[in-house]
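Position 124 of the sequence shown, counted from 1, bears residue number 132 in our numbering, the numbering being contiguous throughout.
Step one of this worksheet: look at the structure below.
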Amino acid sequence: MSDPKPPAQGADVGQFLREPPPESDPSTRPRETDARTDGGRIPARTSFVTLAVRDMPAMTRFYRQFGWPESKFSDESFVAFQTSGAVLGLFPATNYEKEFGAPPAAGAFKGFVLSINLENAARVDAAYQTMKRFDDIRILGEPKDLSFGGRGFDFLDPEGNAWEVIWAEGTSFDERGGLIFP
9 MSDPKPPAQG ADVGQFLREP PPESDPSTRP RETDARTDGG RIPARTSFVT LAVRDMPAMT
69 RFYRQFGWPE SKFSDESFVA FQTSGAVLGL FPATNYEKEF GAPPAAGAFK GFVLSINLEN
129 AARVDAAYQT MKRFDDIRIL GEPKDLSFGG RGFDFLDPEG NAWEVIWAEG TSFDERGGLI
189 FP
């Protein structure tokens with residue numbers, strides 16, 4: 009199988025990033041997790057990632073550039089995008105400040121990095137070429153080879169949430185496109 013060609017100018021990067029992954033080896037798939045919480049076990053499911061945002065319209069415009077499927081329940085106070093492994097939700101930060109406190113100062117690292125994992129180095133390079141045309145993105149450098157084997161680059165969204173676009177040697181994807189980490 010040859011490496012994919014980058015999407016054409018103006019192409020939907022979301023479509024490029026959503027292309028079905030190659031078949032993964034069943035022996036590398038994780039074992040089924042127990043969906044019950046009895047006996048102290050918690051299901052291994054990170055299923056919804058929420059970004060508490062200050063400017064809903066700007067952040068919604070930014071994430072729509074990815075071309076990810078958007079929930080039919082999205083409106084001006086809540087937006088959700090379906091990804092292969094989880095839902096990315098945008099909610100007003102004011103919804104969470106009473107419970108969790110004020111967010112870090114503007115420009116401060118928030119203590120987490122979100123990842124878009126891809127199938128190979130060529131896809132990382134192609135995503136970079138597409139994403140550098142996005143409005144309001146701050147790309148922190150060109151794609152580079154990584155010391156542990158792989159390739160990636162980092163970016164910040166308009167409110168400073170840290171992301172990486174990465175391919176890591178040894179990873180694969182399940183039939184839904186969810187990451188299988190060795």
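Note that beta-carbon positions come from the ideal geometry of N, C-alpha and C, so glycine has one too.
Under the rule that 16 or more other beta-carbon atoms within 10 Å means buried, what is residue i, buried or exposed?
{"i": "P151", "result": "buried"}
{"i": "L122", "result": "exposed"}
{"i": "T102", "result": "exposed"}
{"i": "A113", "result": "exposed"}
{"i": "L98", "result": "buried"}
{"i": "T54", "result": "exposed"}
{"i": "R62", "result": "exposed"}
{"i": "G160", "result": "buried"}
{"i": "R131", "result": "buried"}
{"i": "G149", "result": "exposed"}
Which stretch, first to last residue, makes up the beta strand (DSSP E) that contains residue i?
{"i": "N125", "result": "V121 to N125"}
{"i": "A170", "result": "A170 to A176"}
{"i": "A60", "result": "F56 to V61"}
{"i": "R159", "result": "G158 to L164"}
{"i": "F89", "result": "V87 to Q90"}
Specify the secondary structure class of residue i as computed by DSSP and reduced to three states.
{"i": "A101", "result": "coil"}
{"i": "K106", "result": "helix"}
{"i": "K152", "result": "strand"}
{"i": "I188", "result": "strand"}
{"i": "Q23", "result": "Note that Q23 scores a pLDDT of 44, beneath 50, so its modelled location is shaky; the value from the coordinates is reported in the next line. In the structure shown, Q23 sits in a helix (DSSP, three-state: H, G or I)."}
{"i": "E84", "result": "coil"}
{"i": "F181", "result": "strand"}
{"i": "I145", "result": "coil"}
{"i": "E167", "result": "coil"}
When you compare only the Cα positions, how much space is there between residue i and residue j?
{"i": "E183", "j": "G93", "result": "11 Å"}
{"i": "G168", "j": "I50", "result": "31 Å"}
{"i": "E84", "j": "L126", "result": "31 Å"}
{"i": "M67", "j": "L96", "result": "12 Å"}
Starting from residue i and walking both ways along the alpha helix (DSSP H), at which residues does that stretch end?
{"i": "T138", "result": "A129 to M139"}
{"i": "F70", "result": "M64 to R72"}
Taking the DSSP output, what are the residues bridged to residue i?
{"i": "R49", "result": "According to DSSP, R49 bridges with nothing at all."}
Any Cβ of chain B within less than 9 Å of the Cβ of residue i?
{"i": "G186", "result": "The structure shown contains no chain B; it holds only a single protein chain."}
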